[in-house]
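In my numbering, the protein residues as written are 2 to 761. Ideal Cβ positions, reconstructed from N, Cα and C, are used throughout, including at glycine. In this text the structure is predicted, and so the values were computed from the model without any measurement.
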């Protein structure tokens, strides 16, 4: 068949438009329809495609898999189709359509180590849990699904992980599933084979269960049992109370009552961290009383605080020459205050002014802070320890934020009247009044342990959302030099506040404020920290997922994912893919940089290649910008002196397809011709270079990417072999052999640099 060509706008050639052809009727071979996916799956129909899980299940992992991502098995043929399976139907077909499906948008899950759970010496449980443990063991032997009703913060997640580790088959992977939905949906529940999933329902707004979900759970549990998988869902008593009157059917329910003793949890965590020497500080009556009703999470946090306190006092003892008895007494006193807390003190400090009071730490009522003292105290609490002048500046910014004064507006006001400032006490005196000391170096810090750490959470919890938004604006303005935001104590304080109150909506406030004042680096630092925080991770990832398709936030997502790739490569790659598939030239360049970093990591190279190979299949066979960028990144990888992409272990067919997709739209991507030239040049002469040229030859077969071919021939023209030939000559000859009609178009005499559009 002869193919005609015509000049293309902007130079080069393109295949001439074919003559219109009358459409003919298409007969489809009759085949029995495949059995539908179980009713729990959200389905998208595809024709002639393998069954695939969505990238959220394929790629969401803490580290890349050692084997290929798992593919759900096809069910046996059936004669009916579920109404909730979305179908692709042709108008009046002459036969049935062979419909296949892939599971989309399942919740992300990450793997946990079974043996690490079983051998965790920090584990501690309540005596009341013995009956629940026996009950769970029985259920796991007979059922794949159960609900565990337990208060939030009681240690239920740790308890359930341990039961899964002890009572499920050893070839079953244990995965913690992160909730990410507006309401519980069966279609979002994971469906991997031989997996034991743990999912926590705690959010009063997003995790409310309704009857359709309960009904679907029973069929979902049966499907899990068929593939050797399990799901344990914890649910808070508040959410469970909403189910009164609902039909539970055959669902198994376990109630977890009682709490582990907080002091026992504290001691067990000290032992697990090889800090047995500190257990003696947990034996006082005051400690026992203070922790009598504390949740396990408080005891775990207190163990960390005790270790940090002891290390700090030990270091000070070395500097000041203190004896062991003095250090022990100070540690005991300060830890006792940590355990008791500062809530009563802070209630008075932020209460209404009183006529009398006393200094911090004394038994009588404390003097309420004056307005300016509130700002100063909170500014010092923000950093914990900082130069006094910096604390003063942060206090001024807080006063401006509370007063409704914008950062922009401050520069337009006239010089302030300083008479009132000068009439007040000096800075050192003011700091002393709020319970702080100033060292000779000018550095200020509170004298009482834990006082500053308790102050901002106290204020955050006492005041409404208007004040919280002001605090967010203030904290963003206090973050230091660009490029150092990740290590700034202000960022750590923001994350601690947001996590303590489980108020992930404030992450959106941080983003809006940071972008408004030109501090995207602050937003990046906060989002990276949030994605790594166990209690904020799922909400942070969801925001990044949504921002990935928002024009103003794409570069922000790229910068966050560049950091997260180091420890969360799966979720990071999923979001980078979303960014790339709808990004402009600037965004594509940034994504390519991150893909290149991933490709250069020996632990991630094969994983990136497998992921990129699956993306076109998930897009119904169409090439995607993300897959093309991954190809471009992988072409630059060199291992053992030769390009990784040319290795014998790589599939020639897949390499040719990836190159064809890339070259078909090569003007869109940065330095395509230059990258391929370098790839060919780095391929050792002989078999390796022949494989590279053969892949290019196959990529251009069928007149694909002619403009790219012209550009590439020019780029390869200056590479010379010992015999005087060049890869350009060999590629040109091979293409002409495949497509003789191209001989006149790609003759060496007719191709000039002026005619060839080369990508930037």
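By a beta-carbon distance limit of 8 Å, residue 257 contacts residue 133. Their separation comes to about 5 Å. In the DSSP annotation of this structure, residue 668 is not part of any beta strand (DSSP E), being labelled neither H nor E. For residue 330 and residue 453, the gap between their C-alpha atoms comes out near 22 Å. Annotation: residue 506 is outside any beta strand (DSSP E); the continuous alpha helix (DSSP H) that includes it extends over 506 to 517. The beta carbon of residue 556 sits closer than 8 Å to the beta carbons of 521, 587, 588 and 591 from its chain, once the five residues preceding and following it are set aside; these are given in chain order. Cβ contact annotation for residue 652 (same chain, cutoff 8 Å, sequence separation greater than five): none. About 4 Å separates the beta carbon of residue 456 from that of residue 382, a gap short enough to meet the 8 Å contact definition.
When secondary structure is reduced to three states using DSSP, residue 112 falls in the strand class. At the C-beta level, residue 527 and residue 508 come within 8 Å of one another. Spatial neighbours of residue 136 in its own chain (CB-CB distance under 8 Å, excluding positions within 5 residues in sequence) are listed in chain order as 255.
Residue 264 sits in a helix when the DSSP states are folded into three classes. Residue 634 holds the alpha-carbon nearest to the alpha-carbon of residue 680 among 699, 178, 634 and 668. Secondary structure at residue 446: strand, using DSSP grouped into helix, strand and coil. With fewer than 16 other CB atoms across the displayed protein chains lying within 10 angstroms of its CB, residue 464 is exposed. The continuous beta strand (DSSP E) containing residue 201 extends over residues 196 to 202. When the alpha-carbon of residue 174 is set against those of 110, 207 and 246, the nearest one is in 110. With 16 or more other CB atoms across the displayed protein chains lying within 10 angstroms of its CB, residue 619 is buried. Distance check between residue 231 and each of 246, 237 and 198 places 198 closest, using alpha-carbon atoms only. Rounded to whole angstroms, the gap between the alpha carbons of residue 487 and residue 605 is 25 Å.
Taking residue 297 as the centre and dropping the five residues before and after it, the same chain places the C-beta of 156, 261 and 266 closer than 6 Å to its C-beta, in chain order.
Per DSSP, the continuous beta strand (DSSP E) segment holding residue 236 begins and ends at 231 to 236. Around the beta-carbon of residue 122, fewer than 16 other beta-carbon atoms lie within 10 Å, marking it exposed.
Contact annotation: residue 472 and residue 499 have beta-carbon atoms that are not nearer than 8 Å.
Assignment of residue 178 by DSSP, reduced to helix, strand and coil, places it in the strand class. Beta-bridge analysis with DSSP links residue 387 to 445. The segment 615 to 629 makes contact with the segment 655 to 670: 3 or more CB pairs, one atom from each, lie closer than 8 Å. The closest CA to that of residue 239, considering only 225, 214 and 208, is found on 208.
A direct Cα-to-Cα measurement between residue 483 and residue 221 gives close to 50 Å. Per DSSP, the beta-bridge partners of residue 149 are 235 and 255. When the Cα atoms are used, residue 318 and residue 184 turn out to be separated by approximately 55 Å. The segment 144 to 159 makes no contact with the segment 275 to 288: fewer than 3 CB pairs, one atom from each, lie closer than 8 Å. Taking C-alpha positions only, residue 213 is separated from residue 187 by approximately 9 Å. About 7 Å separates the beta carbons of residue 451 and residue 343, which is inside the 8 Å limit, making them a contact pair. The residues 645 and 683, in chain order, have a CB closer than 7 Å to that of residue 639 in the same chain once the five nearest residues on each side in sequence are set aside. Residue pairing by DSSP places residue 643 opposite 640 in a beta bridge. As DSSP reads the structure, residue 438 sits in a beta bridge with 446.
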